[in-house]
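Before any comments, here is the structure.
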Amino acid sequence: MKPVVGVVVSNKMQKSVVVAVDRLFHHKLFNRYVKRTSKFMAHDEQNECNIGDRVRLDPSRPLSKRKNWTVAEILKKARIYTPPPSAGKFPQSNSNTEAFSIPSA
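Each residue of the sequence shown is one higher than the last, beginning at 1 in UniProt numbering.
Structure below.
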């Protein structure tokens, strides 16, 4: 097998990631190119991969039931959202709770 390039879709396991690999092939009957996606489990020894990273996978010996690939390198890191500092928060008012309170009889 040759190395493949894909995008990390899950990294919730320890030292493992799930990588989606897209491929295009020509459909002879429809005369169009069709995109198919395969998901591979790969070994990530250092736990460096995050969701959205573009990685290159190399084939390896079977490491588990579904894991036959290793992450060779991270080609492009995903941009991770970092919220701005919360220095100027807006004051919270309780006017909504007063409008819906039930008056006592």
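All residues carry an ideal CB built from backbone N, CA and C; glycine is no exception.
Status (buried if at least 16 other CB within 10 Å, exposed otherwise) for residue i
{"i": "Asn47", "result": "exposed"}
{"i": "Met13", "result": "exposed"}
{"i": "Leu24", "result": "exposed"}
{"i": "Val34", "result": "exposed"}
Residue j beta carbon less than 8 Å from that of residue i
{"i": "Asp53", "j": "Ala20", "result": "no"}
{"i": "Glu45", "j": "Lys76", "result": "no"}
{"i": "Val9", "j": "Ala42", "result": "no"}
{"i": "Asn68", "j": "Ser60", "result": "yes"}
{"i": "Leu57", "j": "Thr70", "result": "yes"}
Is the segment 58-76 touching the segment 20-30 in the sense that three or more CB pairs, one from each, lie closer than 8 Å?
-> Contact fails: fewer than three Cβ-Cβ distances are below 8 Å.
Whole beta strand (DSSP E) elements within the segment 10-48, 3-residue minimum = The qualifying runs are 16-27, 32-43.
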